[in-house]
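Notes follow once the structure below has been shown.
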Amino acid sequence: MAPKQVIVSSGRPQKGFLSAAYDEITHPENATIVRSLLVFGAGVAFLHSSLSELLLPPPFRVGQAAHHSPSEKMNSTLACDAMFLGSSLMDTCIILRQ
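In structure tokens form, the structure reads like this:
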């Protein structure tokens, strides 16, 4: 007759997937990585939400520059020269100059 096999386990039971993942996330060695992922996720969520419209500049009006003094018009022209964000904004600046 064959001898019976006895399975000896270590004194510590094996952890499940969720408890192992939680232990790794809360480990102090991984704190900077977890923090940076949370900040990145919060930034993506903010930019995807309707609150991101607060970051947009106020809209330009075509007739707005004609009512200012010449020095203010010069400042707005210089501001248009400094902007290089896209063709539609540059077209608006060209209209303001005229």
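Note that the working numbering numbers the sequence shown so that position 2 is -13, with each residue one more than the last. Here a beta-carbon is modelled for each residue, glycine too, at the ideal position from N, C-alpha and C.
| Check | Outcome |
| --- | --- |
| Cβ-Cβ distance between F31 and S37 below 8 Å | yes |
| For E9, the first and last residue of its enclosing alpha helix (DSSP H) | 2 to 10 |
| Proximity below 8 Å, CB of V19 to CB of I10 | yes |
| Through-space distance from I(-8) to S4, alpha-carbon basis | 25 Å |
| Cβ neighbours of V29 in the same chain (closer than 7 Å, five flanking residues each side left out) | none |
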